[in-house]
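The block underneath contains the structure these notes are about, expressed in structure tokens.
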Amino acid sequence: MSFTPASLFRRPLAGWIASAVALLLSLLWHPAWLAPLLVLALTATWAFATRAELPAAPVVAAPASSEPVREALEDVRSALVDELGHATRELHQGLDLLRDAVSELGGGFDGLSNKTALQQSLLKQIIDVQDGGVSVQDFAARTGDLLEHFVGMIVQMSRESLRIVYRIDGMAKEMDAVFGLLRNVNTIAEETNLLALNAAIEAARAGESGRGFAVVAGEIRNLASNSNQLNERIGGHVERARTAMEQLRGLIGAMASQDLNVALSAKGGIDAMTAHVTESDARSSKVADQVVEISRGLGSDVSTTVRSLQFEDILRQLITQTRTRLTELQDVTTECTRDIEELACTALEADALAERSQRVRSRLAIQREKARLRSRGPALQNSMEAGEIELF
Amino acid sequence: MIVHHDPELDCLTLQLGERFDFSIHRDFHDACLGAGKPARSYVIDLGEVAGMDSSALGMLLLLREHAGADRADIRIVNASGELRSTLRVAGFDKLFVLH
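Chains Z and D, in that order, are what the protein sequence lines are.
Each residue of the first sequence is one higher than the one before, starting from 11 at the first, in our numbering.
Each residue of the second sequence is one higher than the one before, starting from 19 at the first, in our numbering.
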């Protein structure tokens, strides 16, 4: 701060007036306390007058070097305005990109949600079909019943075959009895033959008178021999009948002796199958439940995600606000730099100077007030949780 | 096949051999299906039996008929798991007492 003699003569009006008043007072009035009081008042007045004028001094002295400052300020203004314009355009571009991306995302998630719902309904159909139709378990149970029926039939057949076999055994015993009787008849025939032979011998010994007896004895021998032949033929028939019965017994015995292992292993297979089907039914129903659960969860996830896409609205509001701020900032920058330029480069009266600087300040104050009001405004949503969207 | 009759209880015990099939049908008949009064109770011991076919089951059914059908007291004992399941498939667990 330089304090030159020239500055004393520029505008020390208050100082000069105060000095004149002090001189008049000291001449007209002579109390002892007046002198120090006057000295104090004068000093204060001069000090005030010179201090108030000091700020104006450099500006008044400046005009000679104003051109470089103007250019520099011009540069600053154009750089700031350009940069702010770029930022505004970029924000606009970003907003477009955001809108497109969000609309695509929304479409994708809508598709996902539709497909999930479709999947869920298909799954429900499958479960309904499984519940309503004839199950493999029923099939196995019926096959098991059939098998038991079949085994029962075989056992009944065996029982009846055995009954027949026992009857045949009884008949064979009767046949054996017939054989025994036939042997007796044979013995009788042999004895008859012997008797006839003896009779023939006796008849020969009797001579002529025994001739007729000899003929009878011969006939008796013939009869015995015939009887023997008949016996043999009966015996042959009975023997053949016995052989036939024996064969029949074998056949019926084979019929009675059925292997039950096939039926048994089939039964075991059916039991295993039933157990397996029961287990696999339980497992698949559990899996189906899980899939339904997952699909439900997926639906809820998708709805949460779609709700989260509301961030686009909030972000758009924010970006729009930022764009407005930037545009206003452009205007403010243009106006204020122009005023500052004038303040810096033009020689102005102190009043005009104060007025210009005041204008700049008030312009900035207005801008600050605008910003304050905007940030208080009702439009902005701060959290995603605030809105709920029910999709299904 | 070993047959044992307890006169005190009038109980006939049949201890079958390795095979219980058609080959023993005559012995079986002679032991318990022949003419004469049936015993009060029967015990069929299958402890040694390794193989059994449908004729064995037929013989058991004939014995049941002979012993008075529903009034018959016939116990089948010592049957192996396989024989037991054969008897069960044939529904014998409802007709006889299986031990």
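Don't be surprised by glycine CBs; every beta carbon is placed ideally from N, CA and C.
Bear in mind the structure is a predicted one, so any value in this text is a computation, not a measurement.
Looking at the backbone, the Cα of A59 (chain Z) and that of L38 (chain Z) are separated by about 26 angstroms. Sixteen is the threshold: since fewer than 16 other Cβ atoms of the shown chains lie within 10 Å of the Cβ of S41 (chain D), the residue is exposed.
Distances from the CA of A108 (chain D) to each of Z:L233, Z:L336, Z:I376 and Z:E158 were compared; the closest alpha carbon is that of Z:E158. Under the three-state reduction of DSSP output, Q320 (chain Z) falls in the coil class, being neither helix nor strand.
Annotation: S41 (chain D) is outside any alpha helix (DSSP H) and is labelled neither H nor E by DSSP. The beta carbon of Q268 (chain Z) sits closer than 8 angstroms to some beta carbon of chain D.
Contacts with chain Z at 8 angstroms (Cβ-Cβ) do not include R37 (chain D). Note on geometry: alpha-carbon atoms of R61 (chain Z) and A97 (chain Z) lie some 45 angstroms from one another. The distance from the Cβ of I178 (chain Z) to that of R259 (chain Z) is about 5 angstroms, consistent with a contact at the 8 angstroms cut-off. Beta bridge pairing from DSSP links Q33 (chain D) with D:I20 and D:D63. When 7 angstroms is used as the limit between beta carbons, V115 (chain D) is near no residue of chain Z, the shortest such separation being about 18 angstroms.
Chain-order list of chain D residues neighbouring S171 (chain Z): S73 and G76, by C-beta distance under 8 angstroms. Assignment of R58 (chain D) by DSSP, reduced to helix, strand and coil, places it in the coil class. Counting only runs of 4 or more residues that sit fully inside the stretch 263-339 of chain Z, the alpha helix (DSSP H) segments are 271-318, in chain order.
When beta bridges are read from the DSSP output, L116 (chain D) appears opposite D:I94. The way I'd put it, the stretch 338-345 of chain Z does touch the stretch 362-379 of chain Z; three or more beta-carbon pairs between them come closer than 8 angstroms. DSSP places G52 (chain D) in the coil class of the three-state scheme, outside both helix and strand.
Going by C-alpha positions, D269 (chain Z) is about 11 angstroms away from A74 (chain D). Counting along the chain, no alpha helix (DSSP H) covers D88 (chain D), and no H or E run does either.
K277 (chain Z) belongs to the set of residues whose beta carbon lies under 8 angstroms from a beta carbon in chain D. Burial check for R169 (chain Z): the Cβ neighbour count within 10 Å reaches 16 or more, so the residue is buried. Only residues of its own chain outside the window of five on either side were considered, and among them S171 have a CB closer than 6 angstroms to the CB of M265 (chain Z), listed in chain order. Residue environment: L156 (chain Z) is assigned as exposed (fewer than 16 neighbouring CB atoms within 10 Å of its CB, all protein chains considered). For G69 (chain D), the three-state secondary structure derived from DSSP is strand.
Using a CB distance below 7 angstroms, the part of the stretch 273-300 of chain Z facing chain D consists of A273, L274 and K277, ordered along the chain. Approximately 7 angstroms separates the beta-carbon atoms of S59 (chain D) and L27 (chain D); this is inside 8 angstroms, confirming the contact.
For D179 (chain Z), the neighbours in chain D by C-beta distance under 8 angstroms run, in chain order, R44 and H47. Cβ neighbours of V91 (chain Z) within its own chain (closer than 7 angstroms, five residues either side excluded): Q340, T343 and T344. Beyond the five residues adjoining it in sequence on each side, A68 (chain D) comes within less than 6 angstroms, by CB distance, of E36 in the same chain, given in chain order. In the displayed model, G116 (chain Z) falls within a helix according to three-state DSSP.
When the five nearest sequence neighbours on each side are left out, the beta carbons in the same chain lying within less than 6 angstroms of the beta carbon of G65 (chain D) are those of N96, in order along the chain. Neighbourhood of G65 (chain D) in chain Z, by CB distance below 8 angstroms: empty, with the nearest CB roughly 19 angstroms away. Against chain D, the CB of E158 (chain Z) has a partner CB under 8 angstroms away; the residue lies at that interface. In this structure, V146 (chain Z) and V287 (chain Z) form a Cβ contact; the two beta carbons are roughly 4 angstroms apart against a cut-off of 8 angstroms.
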